[in-house]
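Here's the structure, in structure tokens; my notes come after.
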Amino acid sequence: MAKNAKLQKLALDLPLFPITTAGSLPKPMELTELRFRVSRGIHQNSELDRKEKLSTEIWVRQQERFGFDAIVDGEMDRGDMVQHVAQKINGFEQGGTVRCVGNRYYRKPIVKSKIEWSAPLVHDNWRYAQRLTHKPVKAVLTGPFTLANWSFNEHYDTREALCHDLAIAINKELRFLTENNTKIIQLDELAFPLRDGDVGLMEKTITEAVRGINAYIIVRISSEGLANVWARMQRWPVDQFYIDMVNCNFEPLPIIKKTRSSKQITFGIVDSYRHSVEPVALLTRRIKKITSAIAADRIWFGTDFGLKTCSIEEATGKLKHLSEAVRAARLKHR
Amino acid sequence: MTQLFIANVGNLPRVGDDKDEQRHRRARAHFDRKEISAHALHDVEHSISQELIARQLAFGLDEVTDGLITWNDPISPFSQNISNIEWIGWRRYYGFNFYYRRPLLPANGRIKGNWIAPLYRSAQNMSDRPVRVVLTGPLTLALHSDSNAKTLSTVAKRAAFFAKLLNKEITAAHKEGAAIFQIDEPALAEHPNHADLARAMLHDIRYKISTAKFILNLFYFPLAPLWPKLQAMPVEGLNLDMTHDESALLDAMRRSPGDQEIGFGVANALTTKPDDVDRSVALLTHWAEHTNATRIFATPSSGLEGLPRQFAYQKLAFLSQVKARFHG
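Structure follows, in structure tokens:
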């Protein structure tokens, strides 16, 4: 079976059906409470830093224990995916509280002036996690298209101009990461696809964001509306797409099967929002659905979304069963 | 002489940034952890609706909503009373960083009870101005749901099912005294090719309701291409999001004005940027002078829950300023 050229070039020797997860993992209750107390000035930041590192280590070890191949740091230092990245980029100001689902809220950032990268966004936590393991750790950050569309814009005349400057800023971040030996980078672009006309803008934005970057680039996108844009997406200068399959009932699978492409895909086969651990047998059936449609050397498996809304027990169970199901599938495939 | 009225068209932020304004979030978290009862959560929701209605009245709104604070999202509440309903995932709502629960409609699902009428009754008791009863329209509900049942396998079949469900809700609310029903159909704005279906469904929704005002609310997409079909819609009013294709829409409207009461969604609900009072007044004045309209409305372009609370209130204040300037 042919190995992926980019992974080989980066000296990343991954097995058949690499196992990964989307990014976020649940925070222990004491960390959540400590984050709240620090935000209110009741506790010191240094204690928070210590607890975040400890929680990161626990999750890195857990993923290693379960045999994950591309590990995440679990985002112990993050709240919302947009707010976390935006607050570190010049030009954004923190906005007020806005609801995103159920009883979950975030502070939606406002673009008040020209966007400029000034300091690393995710490198520090990525580096800490990478030092804990020999397995590759993905650097995960929100992509420029999503940052543009999920913020308020009070500065730029057009969305295109905002996307452009955000792409430049993210490109600087990716350069910093790769100069510090990051090999796998995941850009979370869950705002895409948005509307039909956005394909061109997204393509331009992503191209600018990854220009000159020597890393294995994953773009995580929403499964909705994918069928209309999938073929065109294969032109993007990225190595992989990460797609939630369970959440959309495997709707994009036929178009993915039909479209010629060498890009790899992480198929999200674990339901991140269901508060129960899917049995291995169910995951095995989902794996079979994918492997009977898509060439084996293109397939990775993961969770649909991040697992931060699960309890620690649920997340641990989901990761464990994902690993068991995929490793069994590897054996069957040989 | 044309009278300008101002109205809210949907949701409002149920939390703000200070501690007291976060009480819904705390109560809901307690409820989700089974630490408080549904009754206790309801008390908090009641107090927040009261607060939001009072604010709308303080800004001089002529028609208010209860802020839709009991709705998880615009889709799932309408399926919550269907027997054997299942939920198939969380989906983005129109590309926003906001998610709805997608229903999987069962075959032979029975509609148990209604939930809108008690909310209306409670809201109207808090307001000396009419409360608009907001409902998501059947086309939007159909396009945001699925079913494995043959009887509900197409958009048209699901739309008909939801039209029947909405008619029951509207009938119950009408019995409580509700006289203004706003039907939100962003899916029609997105898919103008479904106009004929939408029209048929509006007939079904208002079946046997002859003494109420129905308003079709359209937003998130350009509306000029849809305008010719809108005049055939069996509604007394149209609420139009003016923030996408204002010039083209006004041109289309001028060519054939129609006789429905028009609500102009001029307060942009998707941006924190202040809106232009002079520009909106000029638009409304021009429309008033060149049509036979005796009543027009100025409203937000869509629900305001996507804004932080202080900005949502600024949008309502803007409407108040527009009204004052219009009437000199």
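Sequence lines, in order, name chains A and B. Plus 278 on top of the position in the first sequence (first one is 1) and you've got the numbering used here. Plus 76 on top of the position in the second sequence (first one is 1) and you've got the numbering used here. We put the CB at the ideal spot given by N, CA and C, even for glycine.
Check the Cβ-Cβ distances between residue i and every residue of chain B, and say whether any is below 8 Å.
i	result
G373 of chain A	yes
E502 of chain A	yes
F616 of chain A	For chain A, the structure presents residues 279 to 612; residue 616 of chain A sits outside this window and is missing.
I588 of chain A	Checking the displayed sequence, the identity of residue 588 of chain A turns out to be Cys instead of Ile. No, no contact with chain B.
A469 of chain A	yes
G301 of chain A	no
N381 of chain A	yes
K461 of chain A	no
C441 of chain A	no
N282 of chain A	no
Just to confirm the assignment, what range does the alpha helix (DSSP H) spanning residue i have?
i	result
S501 of chain A	Note, S501 of chain A: premise wrong, no alpha helix (DSSP H); not H, not E.
I246 of chain B	V231 to K251
T287 of chain B	Taken as a continuous stretch (DSSP letters only), T287 of chain B belongs to no alpha helix (DSSP H), as it is neither H nor E.
I534 of chain A	L531 to K536
R513 of chain A	Counting along the chain, R513 of chain A falls outside any alpha helix (DSSP H), and DSSP gives it neither H nor E.
P89 of chain B	From DSSP, P89 of chain B is part of no alpha helix (DSSP H); its letter is neither H nor E.
Q361 of chain A	M359 to A364
V316 of chain A	M307 to S317
Q286 of chain A	A283 to K287
D108 of chain B	R99 to D108
T299 of chain A	First-last for T299 of chain A: undefined, no H or E at that position.
T424 of chain A	P422 to N427
Helix, strand or coil for residue i? Go by DSSP, reduced to three states.
i	result
N201 of chain B	helix
G595 of chain A	helix
I145 of chain B	coil
D260 of chain B	strand
Q79 of chain B	strand
Q341 of chain A	helix
D138 of chain B	coil
D610 of chain A	Before going further, note that residue 610 of chain A is Lys rather than Asp in the sequence given. Helix, per DSSP.
P182 of chain B	coil
Q542 of chain A	strand
S221 of chain B	coil
H446 of chain A	With the sequence shown as reference, residue 446 of chain A is identified as Ile, and His is not the correct amino acid for it. Of the three classes helix, strand and coil, the one that applies to I446 of chain A here is helix, per DSSP.
N157 of chain B	coil
R177 of chain B	strand
A255 of chain B	coil
N527 of chain A	coil
Assuming residue i and residue j form a contact by the criterion Cβ under 8 Å, report the distance between their Cβ atoms to the nearest whole angstrom.
i	j	result
F346 of chain A	I297 of chain A	5 Å
Y384 of chain A	V418 of chain A	That belief does not hold up - the Cβ atoms of Y384 of chain A and V418 of chain A are roughly 17 Å apart, past 8 Å.
Q542 of chain A	D517 of chain A	6 Å
E381 of chain B	R377 of chain A	6 Å
I261 of chain B	L294 of chain B	Sequence inspection shows Glu at residue 261 of chain B; the Ile mentioned does not correspond to that position. So it is a contact: roughly 6 Å between Cβ atoms.
A328 of chain B	M277 of chain B	In fact, because the Cβ distance is near 23 Å, the residues do not count as touching under 8 Å.
L600 of chain A	L561 of chain A	6 Å
A393 of chain B	F135 of chain B	6 Å
Is residue i close to chain A, meaning its C-beta is less than 8 Å from at least one C-beta of that chain?
i	result
E381 of chain B	yes
Q390 of chain B	no
T348 of chain B	yes
W166 of chain B	yes
Q386 of chain B	yes
V91 of chain B	yes
G86 of chain B	no
R401 of chain B	no
R104 of chain B	yes
D96 of chain B	no
G143 of chain B	no
F295 of chain B	no
F394 of chain B	no
F174 of chain B	yes
R101 of chain B	yes
D108 of chain B	yes
G171 of chain B	yes
By the DSSP assignment, the beta strand (DSSP E) with residue i in it spans what residues?
i	result
W191 of chain B	Run containing W191 of chain B: none; DSSP gives neither H nor E here.
I281 of chain B	Premise fails: I281 of chain B lies in the alpha helix (DSSP H), A271 to I281, not in any beta strand (DSSP E).
V162 of chain B	The sequence shown places Glu at residue 162 of chain B, rather than the Val named in the question. Taken as a continuous stretch (DSSP letters only), the beta strand (DSSP E) holding E162 of chain B covers E162 to R168.
V209 of chain B	V209 to T212
Q518 of chain A	Q518 to D522
Output yes if chain E places a C-beta closer than 8 Å to the C-beta of residue i; else output no.
i	result
R473 of chain A	Checking the listed chains, one finds no chain E in this structure; the protein chains it contains are A and B.
Every unbroken beta strand (DSSP E) within the region 370 to 405 of chain A, with a cutoff of 3 residues, ordered by chain | Runs found: 375 to 379, 382 to 385 and 388 to 394.
Identify every run of the beta strand (DSSP E) within the region 307 to 388 of chain B, keeping only runs that are complete inside it and at least 3 residues long; order them along the chain.
-> 313 to 317, 337 to 343 and 371 to 376
In chain order, each beta strand (DSSP E) run of at least 3 residues that lies wholly inside the region 553 to 591 of chain A = Complete beta strand (DSSP E) runs here, min 3: 577 to 581.
Enumerate, from N- to C-terminal direction, the unbroken alpha helix (DSSP H) stretches of 4 or more residues contained entirely within the region 448 to 492 of chain A.
-> Secondary structure in the region 448 to 492 of chain A: the alpha helix (DSSP H) runs of 4 residues or longer, each lying completely within the stretch, are 476 to 488 in chain order.
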